Amino acid sequence: MFRWLLLASLVMSTAGAAETPPIAIVIHGGAGTILKSEMTAEKEADIRAKLEQSIKAGHQVLQDGGSSLDAVTTAIRILEDSPLFNAGKGAVFNAIGQNELDASIMDGETLNAGAVAGVKTIKNPIDLARTVMTHSPHVLLVGDGAEEFAKNQGIEQVDPRYFHTERRLRQLQKIQAKEKLRAEYRDSWFSTVGAVALDKAGNLAAGTSTGGTANKRWGRVGDSPIIGAGTYANNQSCGVSATGHGEYFIRAVVAYSICARMQFENLSLQQAAARVVKQELVEMGGSGGVIALDKDGEVAMVFNTPGMYRAAIGRDGTLQIKIYQD
Ligand code: ASP
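Remember, my numbering sits 2 above the position in the sequence shown when you count from 1.
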């Protein structure tokens, strides 16, 4: 009798364990020429701490049974509120000293998506992107139209001076003074933010938020708010958020291409991400990276630059936070 009970409870607990759906989350804080030699211990510690705060908050949402969309917005909002990253508060300046912000989000279950570009007063552009998805029949709103929509929807707006940080102003002045646009351009875009999550219901979501590229021409829009380029999610394959030289990421349709290669070519997530980021983009001359998750909670963090700020909590619950090629 006792042996039977023991066996029955063992079988039940194994069945229970097998049924527990995997949850996972991965975030990035931008890719680029991030060199250990140019990093101070203090800055590195600050960045790691903020990545940890963001990913743990997103993971908590998933653990509590929340949706991948909520996990993604929660994680991104924390990075947007930090001056350390090129999104929200820490956004770079364009060539005429303004901060124009872009963001997008996609729901892998329904393939619904929302995005905003060129907004100047939105404290958390990821929230506005999500509201475009849920409260409008559109996918992408830009500039004044997006700002007015935000007002109607009660999305928090701030004075544009909120985004004026000393550090970004010095960066712009340095780039402009040097007038070596091409060379400087490469160093000017890292620290965009993004997140991809898988929830208990098996739904993937991905989001990206950025100030774009420093010293960009006003009105320039990169890949981050373009569904398929900077952000993509489809429960049939994967979720992706990208960071890098946006013009190349748009032309290579990076995020969609990774998911499509999984779905139609049967590549693994890692293989598909490596094919696009380390092969196709490199051949084109486009630098940057991606974070991605597939429907089984497999994580990929692939980049062709010296570094990418990134963190993941995979299906096994282990936290990793990394910056360089290690
Ligand atoms: N991809 C972004 C853009 O081109 C920049 C970045 O990822 O840092 O706007």
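We treat Cβ as the ideally placed atom computed from N, Cα and C, and that holds for glycine. Note that the structure is predicted; figures quoted are calculated from it, not measured.
Who are residue i's beta bridge partners in DSSP?
i: Q159; result: I124
i: T233; result: I229 and S243
i: V279; result: According to DSSP, which records beta bridges pairwise, V279 is partnered with nothing at all.
i: H30; result: G196 and R312
i: Y164; result: Its beta-bridge partners do not exist; DSSP assigns none.
i: V290; result: According to the sequence provided, residue 290 is Gly. The question's Val does not apply to it. BP columns for G290 point to G246.
i: V144; result: A119
i: L206; result: L200
i: L321; result: I315
i: Y326; result: G309
i: V63; result: DSSP output for V63 lists no bridge partner at all.
i: D296; result: C240
i: V304; result: V292
i: S338; result: With the chain represented from 3 up to 328, any question about residue 338 goes unanswered, as that position is not in the structure.
Suppose you measure from the CA of residue i to the CA of residue j; what does that come to, to the nearest Å?
i: T75; j: I128; result: 6 Å
i: Y250; j: Q55; result: 31 Å
i: G288; j: I252; result: 10 Å
i: L103; j: T215; result: 10 Å
i: I323; j: A152; result: 34 Å
i: R219; j: F95; result: 10 Å
i: A313; j: H30; result: 6 Å
i: D48; j: M303; result: 21 Å
i: F4; j: T22; result: Its pLDDT being 45, under 50, F4 is placed unreliably by the model, and the measurement read from it follows with that caveat. Each residue's alpha carbon lies about 27 Å from the other.
i: K59; j: Q272; result: Reading off the sequence shown, one finds Ala at residue 59, where the question assumed Lys. In a straight line, the C-alpha of A59 is about 25 Å away from that of Q272.
i: V223; j: I293; result: 21 Å
i: N154; j: D146; result: 12 Å
i: R317; j: M264; result: 20 Å
i: R170; j: F266; result: 42 Å
i: S353; j: Y234; result: Summary: the structure shown does not reach residue 353, with the chain confined to residues 3 through 328, and so no result is reported for it.
i: V118; j: K202; result: 28 Å
i: Q327; j: A43; result: 17 Å
i: L142; j: N236; result: 18 Å
i: V242; j: G232; result: 8 Å
i: T167; j: E40; result: 20 Å
i: G221; j: D298; result: 39 Å
i: G213; j: I80; result: 15 Å
i: I57; j: N101; result: 26 Å
i: A93; j: Q175; result: 15 Å
i: L8; j: G319; result: Because the pLDDT of L8 is 46, which lies under 50, any placement of that residue in the model is unreliable, and the number read from its coordinates should be weighed accordingly. One C-alpha to the other measures close to 28 Å.
i: T136; j: A97; result: 33 Å
i: R163; j: K180; result: 25 Å
i: D66; j: M286; result: 43 Å
i: M108; j: Q173; result: 32 Å
i: V144; j: T112; result: 23 Å
Can the beta-carbon of residue i be found closer than 8 Å to that of residue j?
i: P24; j: L200; result: yes
i: L295; j: V198; result: yes
i: G309; j: G99; result: no
i: A89; j: T194; result: yes
i: G116; j: A207; result: no
i: N268; j: V284; result: no
i: N217; j: Q281; result: no
i: S106; j: G209; result: yes
i: R132; j: L71; result: yes
i: G230; j: A257; result: yes
i: K335; j: F165; result: The question about residue 335 has no answer, for the chain in this structure spans 3 to 328.
i: G290; j: A244; result: yes
i: I228; j: E46; result: no
Looking only at its own chain, which residues have a Cβ that is under 6 Å from the Cβ of residue i, when we skip the five neighbours before and after it?
i: L321; result: I315
i: H61; result: I27 and I315
i: S239; result: C261, M264 and Q265
i: G248; result: G224 and D225
i: S69; result: D201
i: S211; result: I78, E82, A89, A105, P127, I128 and V195
i: L130; result: V118, I124, A152 and I157
i: N114; result: M135
Please return the same chain residues whose Cβ sits closer than 7 Å to the Cβ of residue i, not counting the five positions on each side in sequence.
i: H140; result: V134
i: L53; result: I29, G31, Y311, A313 and I323
i: V301; result: A26, V28, L295, A314 and G316
i: S259; result: V278
i: A275; result: I260, V292, A294, A302 and V304
i: A51; result: none
i: F87; result: G31, G32, L81, S193 and V195
Looking at residue i and ligand 2, is the gap between the Cβ and the nearest heavy atom below 7 Å?
i: S226; result: Ligands present in the displayed structure are limited to ligand 1, and ligand 2 is not among them.
Please list, in chain order, all residues of the same chain as residue i whose beta carbon is under 8 Å from its beta carbon, the five residues on each side excluded.
i: E149; result: V121, K122, T123, I124 and Q159
i: A73; result: I27, G60, H61, V63, L64, A197, A199, D201 and A207
i: D161; result: T123
Uninterrupted alpha helix (DSSP H) stretches inside the segment 77 to 141 (no shorter than 4 residues): For the segment 77 to 141, whole alpha helix (DSSP H) runs of length 4 or above, ordered along the chain, are 127 to 137.
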